[in-house]
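Below is one structure; the comments refer to it alone.
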Amino acid sequence: MPPHAKPLLAAAVLACSLIVPVTHAVKPQQWQHTAEADFEPGVAEGVVITNLGDIKLARQVESLADLPEATSVVHDAVRLGQTVYLAVGPEPRVMAWDGQALSEFAAMDEGQVFALGTSGDRLLVGVSGDTARVVTLDAQGGVAVSVDLPEGVRYVWDIATLPGAGGMVVATGPEGQVFHLTGDGPAVEAMYDAEQANVLSLALSPTADGFPLYAGTDTDGLVYRFSATDEPPYVVYDAAEPEVAAIVVGEDGHVYFGTADAEQARPGRLEEAAEGEAGRPATQPAPADNAGQAPPAPDDLPRVPPSPAPTDQAVDAAASASPASPAAPDEANAEDPDNSAEVDDTAEAAPAEPTPGQRDRLRELVRQRLLAARRSGTLQAPAGSGSTAGRSARPAPAAASTGDKSGNAVYRLDPNGFVAEVFRESVIVLDLALVDDQLFVATGTEGQVYRVDPAAGETTTLADLDAEYVTRLLADPGNNDAPLLLTTASPASLDALDANGTASTGTFTSAILDASQVSLWGKMHVTADLPPRAGVKVETRSGNVIDPETAPWSAWQTAAELDGGQDLNPLHPIEIGVVSPPARYFQYRLTLDTDSDRPDPPSPVVTRVSQTYITPNQPPRLASLTAAYPDTPTPQPGQPAPPPPTGMNVAWEATDPNADRLAYTLDYRPALVHNDPDAFVTVVEDHPQATYEWQTRQVPDGYYQLRLTASDAPDNPPDMALTATRLSDPVLVDNTPPSVEDVEVTTDGNDATITATVSDALSPIAAVAYAVDSADAYEALLPDDLIADSTSEAITVNVRGSAEKPRVVTIRVTDARGNTTYHAVPID
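Residue numbers (our numbering): 157 to 984.
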């Protein structure tokens, strides 16, 4: 035979074997994909899977501009007219994107730019550093106005511009101060001095006067509400997390705020994907009562008292203290390998005026802090960076907020003052945006954008970017149909996300499904909501190797093309025939598409996929068969012997590869005829449970072998049923008590000595006891060889008389099976 003939012959034999008819089990099996956890192992390209288990077309993310290579982070972004301005780092610059190209608009000579704002047609820049300031730039990027903030202020975290001539509000640190800047050459007025180290975020109500104004802090995770009056601010919520980094206020008066505790941000999901169907909330419109108004402040709740102004000594201490948060080793230490930028923070509370060298080091530390903060996701001032001189002592906070502190959350404050959690995940929340009642959440450290529909209780991962952080979401306030702009860090980028429409097409490929054996594919059922001019193509393939890359599967074959024009019921499954050949492994692919030429094209939604299959009938599997009597306690001296159990417990372990129901037949045969296959006698047949109590008093004493037969007949016709059989180890049936023989009695006065032999035909002797003239006062007795270990034992009973000679000695003998005999010996 030629060398190549054997493989060809083997292939021919295999091909013939594949066309041999296979007997399949009657009971079909089914894969059901209905929940997020069912779909999650698959591959989504251009589609998203929601927490409700829906597959939808994803939003398209488009890169708008390439930032300079030296730029690693975009801190903030604002829209002014048709131009978008970006605050970038680590070099403090402001970039401008005009819709076509990106260019440098302004460069700061020192510090960092964490915050941008707008005032009329001018750009506001918050510069953090040794001397924090707010700079107004003209149309050419030149400095029109520069306002220094009070000494001790180092960080400008956010800027909010009040409508009309109301000026601007600035959130700062590390003393947790809020300032109001008014006038053309702005005058700086202190609005509030919080106990917290930093005020991180601001949000204005979309009302005519911009109030109420909301502010979020670090340290305690508080949300303050400022009114248009001169009253001190009111704390509307104390979050479980220490940092409130993002706030947005809706037109209906709902306030959303997100937390950014870096310690709670971990790779992966906070919780496993939702399993099983749990229904979904019925979408209802939000109540319009009190829309846009501030929630009432109950009179019986204490308002936050204004803090006294810092003393001169406190300001000096804050100016010289080092905000030395350790920088990331790959960037900060690379620029300062000797760590020479460290400043001793153990100085006295009122040091001398900082030297120029100290100020230079401070500027470098501020820059390093930003890099570390943006990487870790925390904007909290380092311990010791803020002075507490001149402040009242703050008591330990009460547990105002309870609940799970894992991950970070987005909370919703309604117009009546009630707070509800609408989002929680193992991320840090860096920014929020509202578009058409949909909440968009920008997060780190895995660069994801989520969409939350509070009314529907639905959370969707819209984008999973290559960048580690999505730092800013920028909506077009005059055009909700415009793309949502995204800025990122590590690496830095400017992207656009279509917040309302969808990508024109996307695919979901299921995980490889294993039927465990070559199987025949039945009907597939797909439940989908298909708007007009949207559709879903269903394809399947099959194979007999786990990895299609190692050996070919069948080609992808179209099972159905579903069209929204077919007027399909979104709650009724669509039955689809599968043409892929029988095999062990199966996979399906869904291609969702919609008409991208129409405005705001709706996405088709797939909510459920099920696939029926039938595997060849396989015999049951018996893993074990055991038989034993229940344990019988040994008779104790002075107590009557318990009766032995009458039933033997027979138990087994059985499974069926097809998940068929099983019926069991139990037989026995004596050990003397163990070679005779016809000697079995049936104990029970068609027994449904995996245990049985065999009443052994119905059979003679002796050793037996049990045979168990498991059949899948309950779920298969007689000509297709299969069985499995297992034999037990030998089991002993012994219902006969021991005997007492060869009894001899000798006397000496009132003393007597009795010798005898106790024996059992099958079981070892377990215990011997005797009683004198009483049936209740038994005393234990050892055999003459001092150990009870055989079926025959010699015993000696020595009875010492006293005033009277004993009349009767009763000997009690128990075998290992628990059978007991009593033998009375008269004393002459």
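Positions of the beta carbon are idealized from the N, C-alpha and C atoms, including for glycine.
Cα-Cα separation, residue i to residue j
i: V1039; j: E345; result: Past the boundaries of the shown model lies residue 1039; the chain is included only from 157 to 984, so the question cannot be answered.
i: T970; j: A917; result: 13 Å
i: L527; j: P246; result: Note that L527 has pLDDT 43, beneath the 50 cutoff, so the model's placement of it is unreliable and no number is given.
i: A927; j: W808; result: 43 Å
i: A648; j: S275; result: 26 Å
i: D904; j: A950; result: 21 Å
i: N635; j: T375; result: 37 Å
i: A715; j: L213; result: 20 Å
i: S666; j: R580; result: 27 Å
i: L746; j: T663; result: 6 Å
i: R973; j: D890; result: 7 Å
i: V250; j: G329; result: 22 Å
i: E827; j: S698; result: As written in the sequence, residue 827 is Ala, which differs from the Glu given in the question. Those two C-alpha atoms are separated by around 52 Å.
i: D651; j: V591; result: 17 Å
i: A384; j: P368; result: 7 Å
i: E960; j: N954; result: 15 Å
i: A638; j: V303; result: 35 Å
i: D570; j: R278; result: 34 Å
i: T143; j: S919; result: Past the boundaries of the shown model lies residue 143; the chain is included only from 157 to 984, so the question cannot be answered.
Contacts around residue i, its chain only, beta-carbon distance under 7 Å, and the 5 residues preceding and following it disregarded
i: L822; result: V806, V839, V840, H843, Y848, L862, L864
i: Q216; result: D654, A659
i: I205; result: E192, F195, E196, I211
i: T788; result: P798, P800, P801, G974
i: P441; result: Interpretation of P441 is limited by its pLDDT of 46, a score under 50 that renders its predicted location unreliable; no figure is taken from the coordinates.
i: A869; result: A819, A877
i: A645; result: S228, V229, V230, R530, A623, E624, Y625, T627
DSSP-derived helix/strand/coil call for residue i
i: A959; result: coil
i: V735; result: coil
i: G721; result: helix
i: D609; result: strand
i: A684; result: strand
i: L828; result: helix
i: T902; result: strand
i: R817; result: coil
i: T852; result: helix
i: A193; result: helix
i: Q420; result: helix
i: D823; result: strand
i: D907; result: strand
i: A565; result: strand
i: V964; result: strand
CB of residue i within 8 Å of CB of residue j, strictly
i: I668; j: Y744; result: no
i: L305; j: M324; result: no
i: S736; j: T750; result: no
i: V626; j: V608; result: no
i: G372; j: T317; result: no
i: S884; j: Y769; result: no
i: A589; j: A631; result: yes
i: Q713; j: E695; result: yes
i: A396; j: L356; result: no
i: E331; j: D314; result: no
Contact set for residue i: own chain, Cβ-Cβ below 8 Å, skip 5 residues either direction
i: G721; result: P688, R689
i: D984; result: V901, T903
i: P886; result: A827, Y859, Y860, Q861
i: A263; result: E247, P248, R249, V250
i: D940; result: E949, A950, I951, T952
Cβ-Cβ separation, residue j to residue i (assumed contact under 8 Å), whole Å
i: G209; j: A191; result: 4 Å
i: A271; j: V312; result: 5 Å
i: V682; j: V765; result: 6 Å
i: I584; j: A416; result: 4 Å
i: G366; j: L360; result: 4 Å
i: V899; j: A912; result: 4 Å
i: V411; j: Y380; result: With a Cβ gap of about 11 Å, V411 and Y380 do not count as contacting.
i: T599; j: L586; result: 6 Å
i: R968; j: Y934; result: 6 Å
i: L778; j: R882; result: 4 Å
i: P726; j: D685; result: 4 Å
Cut-off 6 Å between Cβ atoms - residues of its own chain near residue i, not counting five sequence neighbours on either side
i: P982; result: V964
i: L223; result: A648
Proximity test, Cβ basis, 8 Å: residue i and chain C
i: I910; result: Looking for chain C here will not work: only one protein chain is present.
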